[in-house]
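A.B. asks: Protein chains in written order, with the numbering used here: chain S, 1 to 372; chain C, 373 to 1379.
We put the CB at the ideal spot given by N, CA and C, even for glycine.
Computed from a predicted structure; not experimentally measured.
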Amino acid sequence: MIETIKQFINHFSSPKIMFSILLLSFFFIFPPTEQLYQLNRKIGLDKIWTKKGGIVIFLFLFSFFIFGLTDSNFRLIVAKPDNVPIVGLLFLVVFFLWMALSQAFANDRRIEQGKKPKEFDDAKEKVLVWPDLVYIEFICLILCAALLIIWSILLSAPLEEPANPTISPNPSKAPWYFLGLQEMLVYFDPWIAGVLFPTVILLGFMSIPYIDGDSRGSGYFSFRNRKLSVSIFLFFWLVLWIFLITTGTFLRGPNWNFFGPFEYWDIHKLEALTNINLSEFVYMIIMKKGMPHNILLREMWGFLLIGGYFLLLPPIFAKTIFKDLYARIGLVRYSIFIVFLLLAIALPIKMYLRWFFNVKYIIAIPEFFFNI
Amino acid sequence: MAQENPERHYNIALLNKIFALASLILLIALIWIFADDYAREWKGYQRDFRALESEKTQVKYNLESNRLKSEGQYDELDQKIKEAQKEAQQHNAKIKQLEDESAQIQSQYDIYNQQFQFVRAKYDSTKYYYEESSHKKSADSVGYKQKLDQLERKLSELSGLVEDSKDKLTQKQSQINDLQANLRALQKEEKTLTKQLDIFQKKLGKVDLGAMTFANQVADMIRDFPVIDLANPNFRIQQVVLHDIKDNVNFMQVPKVDRCTTCHLGISNPDFKDAPQPFRTHPDLKLFVDNHSAHPLEEFGCTTCHGGRGRGTDFLSAMHTPSSEEQKKGWEKKYHWHKDPHWENPMYPKQYVQAGCFKCHSGENSLRGAEKLNLGLNLIERAGCYSCHTIEKYKDWVKPGPDLTKLSSKISQEWTYQWIANPKSFRHNTWMPSFFGQSNNTDPESLKRSEQEIHAIVSYLFAKSASFNLETMPVTGDAKKGEELVASLGCLGCHNVLPKPTDDKRSLQSLRREQGPNLIDLGTKTSQQWLYSWLKDPSRYHPETKMPNLRLSDQEAADIATYLAVDNSSAFNKNSIPKVNEAILNKIVEEFLTKSESVEKAKSQSAQMDLNKKLLFAGEKLIRHYGCFSCHNIDGFDNEKPIGTDLTEEGDKAAERLDFGFVPIEHTKEAWFFQKLKNPRIFDEGHLKDPLDKLRMPNFNFSDDEAEAITTALLSFVKERPAPAKWKPRTPRNLSIEEGETLIREFNCQGCHLIENDGGQIRSSVTEWLVKYQGRPENEAQAMTTSFSPPNLIGEGKKVQTKWLFDFLHHPETIRPWLSVRMPTYNFSVAELNGLIKYFNALDNEDFPFSDLSNYDMSPEEYSAAQKLFSDDYFGCAKCHIVGNQMPGGSPDSWAPNFALAKRRLKPKWIIEWLHNPQDLLPGTKMPTYFDPQNFDTSGPEDLLNGDENEQIRALRDYLLTISDHDDKSTRPENLPQQEKPQTSADTQTGENSTGTPPSNTDSEQK
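#1: Hey, does C:Leu688 have any beta-carbon neighbour from chain S nearer than 7 Å?
#2: Please work out which residues of its chain come closer than 7 Å, Cβ to Cβ, to C:Asn1347, disregarding the five sequence neighbours upstream and downstream, and give them in chain order.
#3: For C:Leu1115, decide whether its Cβ has a neighbour in chain S, counting only Cβ atoms nearer than 7 Å.
#4: Going by the CB atoms, is the gap between C:Gly1016 and C:His761 shorter than 7 Å?
#5: Among the candidates C:Lys1144, C:Lys1175, C:Asp1056 and C:Met1230, whose CA atom is the shortest distance from the CA of C:Leu1278?
#6: By DSSP, does C:Gly1441 sit in helix, in strand, or in coil?
#7: I'd like the list of long-range same chain contacts for C:Pro1349, defined as Cβ closer than 7 Å, with 5 residues on each side in sequence excluded.
#8: Between which two residues does the beta strand (DSSP E) carrying C:Asp630 extend?
#9: Can you tell me the Cα-Cα spacing of C:Thr1334 and C:Lys1275, whole angstroms?
#10: Report the residue ranges of all alpha helix (DSSP H) runs contained in full by the region 55–101 of chain S; include only those spanning at least 4 residues, in chain order.
#11: Taking the continuous alpha helix (DSSP H) assigned at C:Lys778, which residues delimit it?
#12: Measure the C-alpha to C-alpha separation of C:Ser1236 and C:Trp1286 and round it to an integer number of angstroms.
#13: Can you check whether the CB of S:Gly260 is closer than 7 Å to the CB of S:Ser13?
#14: Is any beta-carbon of chain B found at less than 7 Å from that of S:Ile232?
#15: Can you list, in chain order, the residues of its chain whose CB lies under 6 Å from that of C:His1338, leaving out five sequence neighbours each side?
#16: Applying a beta-carbon distance threshold of less than 7 Å, which residues of chain S neighbour C:Val621?
#17: Would you verify that the beta carbon of C:Ile403 is, or is not, closer than 7 Å to some beta carbon of chain S?
#18: So C:Lys796 and C:Ser806 are in contact, right, with Cβ under 8 Å, and what is the actual spacing, rounded?
#19: Just how far apart, CA to CA, sit C:Ile384 and S:Tyr135?
#20: Where does C:Arg1329 land, buried or exposed, given buried means 16+ other C-beta within 10 angstroms?
#21: Could you check whether the region 1059–1076 of chain C touches the region 1094–1113 of chain C, counting it as contact only if at least three pairs of C-beta atoms, one from each stretch, sit closer than 8 Å?
#22: Any C-beta of chain C within less than 8 Å: which residues of the region 69–82 of chain S qualify?
#23: Could you name the residues that DSSP lists as bridge partners for C:Asp1130?
#24: Assuming contact is defined by CB atoms lying nearer than 7 Å, are C:Thr1020 and C:Tyr724 in contact in what I supplied?
#25: Quick one: complete alpha helix (DSSP H) runs, 4+ long, within the region 1194–1267 of chain C?
#26: For a contact meaning CB atoms closer than 8 Å, what does S:Gly346 contact in chain C?
#27: Is it buried or exposed, C:Gly684, if we count other Cβ atoms within 10 angstroms and call 16 or more buried?
#28: For the alpha helix (DSSP H) that contains C:Lys897, what are its first and last residues?
#29: Which residues does DSSP list as the beta-bridge partners of S:Arg252?
#30: Taking the straight line between their C-alpha atoms, what separation do you get for C:Phe730 and S:Ile153?
#31: Determine the closest residue to S:Ile336 out of S:Phe178, S:Trp49, S:Asp108 and S:Ala318, with distance taken between C-alpha atoms.
#32: Which residues, in order along the region 716–729 of chain C, keep a beta-carbon less than 7 Å from a beta-carbon of chain S?
#33: Which of the three DSSP states is assigned to S:Leu23 in this structure?
#34: Taking buried to mean at least 16 other C-beta atoms within 10 Å of its own C-beta, is C:Asn750 buried or exposed?
#35: Counting beta carbon pairs with one atom in the region 525–544 of chain C and one in the region 476–483 of chain C, are three or more of them shorter than 8 Å?
#36: Around the Cβ of C:Ala587, are there at least 16 other Cβ atoms within 10 angstroms (buried) or fewer (exposed)?
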């Protein structure tokens, strides 16, 4: 029975399935549009952000870990001193997400009932820097210091063998905060995953204040007023960052193969990984003919696809789903916004192309080290 | 502020409490981190050790004090001291007075002395100013001069006073001493008597709290307090830093630091040999750890040999490795032991610990004290591992298997088929390993395939076999005589005759009798003619063979050949042999062809071949596939590369690089090696593999002990070598010995001879021969064995002349005509001959080459004295020794070598030493000691040469050398007693008689 559950979880946690479920449920839990928001309320998904909901989530998380720790393989990975902070990260992310959204949804309800947001009352109170703020900060400081000391006593620093240039550790893992990027490397050429995306992420963060001039909902927690912004942000943060880090930490074993949480990390595990480029897909599988010699001709389909993606989609979106947004922020801001958005969405798209069509590169010009 | 009831957001009283609680938590955390840092595993061990040490010292102390008491001497002295004390008391008043006076004088002396110091300082300073001013011709100089004179006067006055009071003081002191003289002397005597006891007491005062003063107790406790313990704690890390042995951490080499003695505190102290671990004494202090041993702890550390992490100071971080499953379980329970993958060189499990010897001793061939490693190396040599697996150490060794280029003259195709299919079914202890019928090729399909593979191999071998002219036997052989010859000539120094397997374990010694094959069932295998031809000249059939030529006469060779061929009892040849199956053969051929051709082409090519061609094609490919050519000379495979993994640095291989397949063993290299040796094909289990991808290492059927020994050797093949200072010095002498030992091993000299006190494996068969063919009773035969065995070669370098040894090894001559065992003729190259001679000389620290400039002329007086000494009236040398062709009387077991050889053979200096004391050079020799080494000056006859023993010995030596001159031509005795003369012809000229091997003295030899 327990073995069956474990096997089910192992199967369930494979990136294809897990990611798809996350992707599908995401827009119901964090509805970006009014219709979805109404649906969310109707189904009662907003109950997650109540105390009861919080308790249920945490009970679920705790019981999963307690159940998992009975398994030696799970214990080996999760209790590794390196990985303990990531376990902490999971709990902290869920907790703060719940804390923010529970206040946001509470405020939404208050506003619906014609009340002012909770922070409106708070604003009347004063918090003095001295002694109140300094005092609680000091207490926090003491507690954090104690926590770090105790942690360092209980979990020794993970010291491994002397570095040997002829034997690299398998798996070789980046520091945890880079595991998201390392996970992207599975799907993208290094220059995209390692250079372009990090840059775009930073530029994207910088551009947020310029793109989002909407002052609704500022000064207090709110979801309804900022459905689109919050859900886009959370999509990047939860799905494309936290999820990838967690996968990279716990579910990637030797040879960067995927292993379920209860699976033994067998160094000899072999997975069929024969990937092809889009051009090969088009010419050889669909058209059943040889590849053209001319590089441009050969990669034409990739260029068309990418061109279409970045040139056609923005105007289409502007007329349809982002009609209001476009009207509100204008062409320049919209253009910047949509480019960033499309770049970000390219990641899950590429993941699916890999999983379902074994697509390696959409444009593959290894002659010039240019692969997308 | 408080009165104004100030505005607050939080409840400060509550925050105060939280603050208090948080601070408390932080305090606890800080104390905890201190405690955690302070409480180290090793401190517990050191505390335990201290208790143990105090207990042991207490026991020793009690023993010593009881001994003193029981001896009475101590009590007597005690009594005397008491009396003396009483006596001294009578003078108490006087002493008191004297002491008071001397105290007074002392204080006076101190005052004078102080004044003297002050004035002296002033004087020195004034002197400086005076010198300065007078140099500058300043007017001040006059003043300074006056002052200086004044001070000088005062100084001499004071120094007089100081000396005076000092004299007085000494006087008083000596008066006091005189009064107490008796007591002092007695106390001094007591001190010498209780010296040992005092040492124990001192030690107890250091380790036993109970034996300390209160102040010391407090100090003893405080010095181990946290923070204070930085100064001089009781409990501290003990370490050895080795600057010339490095730990390789890949990007750099760091000096080895071994902290093992932090817990293994009794390692070098013999008192702890029964103590519980970790305090137990090292089991071999003579060789290791001890300061006087070859490997002192301070110079070699621990992990240099044992492996592990020397810097680790707890059980886990030191990388201990359990040596058995039970120990592993015990450790898991006791220390939460688990394998740590992060250290590449954990300690060797106890059974493989000798693997550590080799990094410094890799040039040597026999490592005394490392028997398992030695056995492993010997097994590698015998099994010929080095021929498929390159091992740098063995790169010049010849192929271990017989030559197959002329095999059609020796064996039949049917026999060969069955032999390859299962060699052990013919000869249970053969070194030919089994390729077929193994765990990865016994499924029905593979069995069928194996049959065809063997057919192909056999066909190839016979097709390529060159012709070989067998000599026809000129005489008819007598099997009975042949049997006796095999028993007596020395065949059994290298060969066994063991029809059935025995339970005996293989050892270094028993391996010597596996130099050649077990002589069973040869009639089944080959023909009389072939055996005859082989015996007459082995190198004609196989130029590289290690089988020497025994210079057999035609009759002898015929007898032995007949005897060996009689044994054809096995049903081996009657087994039916499966037919050649072309379909399977096609598959095999195509498989090989598709390695370089397309499937289409392969098929068409194979279709073009006829059956014979297919057999030959497949045969050649299979011989290459299985590597048959590595051990055997096979036509067409002259310059092939070995097929196995290079093992030169196999001990460094990381376990991750070994394929453990699905075999449930520990993932360590030692477990893998062991498993591989026990069953080389096991790692294929559970894998789907094409026939040509399967593992192909053959099975040698090693026993557990053998596999363990070979594993030890494999683990020892590492790249790392500590600094040359740690090696056995690479002096020319040591190098010669190493080279010689290799040759001795290669040619199996120790099968017959005792060399370096090891070898002589033939002796048991000599005893059997004496019983069976000489009709001696068992115990008599035992006693006579030494006399009839090849000689002990101890001191050979010292004894014989270099030139003679060279000639003898090249072409043996008879030294001991009574021996029936015969020194064979080896095809030694000049380099090998020189290697052997250098070896013997190096062993005895002799100069090489030997040269002697002495003059052996004798005066008539000396000559006649020597003659007398030689005669039966005195020493009766000719009673045992052969002189020219004159045989001594008595039974041959008391005979000794021919004097006629002495001049050519022996080093004159050695003869002198030998006559002085034969037992010294060859313990147990039957040569009588004529000059008692205890009373040398009175031992010789007094009436010759003024009774000067040294002169007598010298004269005798010179005389012996003259005998040789007379009889040099006719060294060969003619009338040998009947029994040990199986050989008749062909010998008289070159000494092919039963020859007692190289010149040396066994006990049989008496000069």
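C.D. replies: This is what the structure holds:
#1: no
#2: Any answer about C:Asn1347 is weak, because its pLDDT of 43 lies below 50 and its placement is not dependable; what the coordinates show is given next. Once the five neighbours on either side are set aside, the close Cβ partners of C:Asn1347 are Met1259.
#3: no
#4: yes
#5: C:Lys1175
#6: No answer is possible for residue 1441 of chain C: the residues shown for chain C start at 373 and end at 1379.
#7: Unreliable placement is indicated for C:Pro1349, whose pLDDT of 41 sits below 50; the coordinate value is still reported in the next sentence. Only Pro1264 meet the Cβ criterion.
#8: Gln625 to Asp630
#9: 8 Å
#10: 72–78
#11: Looking at the DSSP string, C:Lys778 is not in any alpha helix (DSSP H), and its letter there is neither H nor E.
#12: 21 Å
#13: yes
#14: Among the protein chains in the structure shown, which are S and C, there is no chain B.
#15: In this predicted model, C:His1338 has a pLDDT of only 49, less than 50, meaning its place in the structure is not dependable; the value taken from the coordinates is given anyway. Hits under 6 Å: none found.
#16: Pro162
#17: no
#18: 6 Å
#19: 9 Å
#20: buried
#21: no
#22: none
#23: C:Ile1127
#24: no
#25: 1202–1215 and 1232–1242
#26: Sequence check: residue 346 of chain S is Ala here, not Gly. Simply none; closest approach about 38 Å.
#27: buried
#28: Leu894 to Lys897
#29: S:Phe258
#30: 41 Å
#31: S:Ala318
#32: Glu716
#33: helix
#34: buried
#35: yes
#36: exposed
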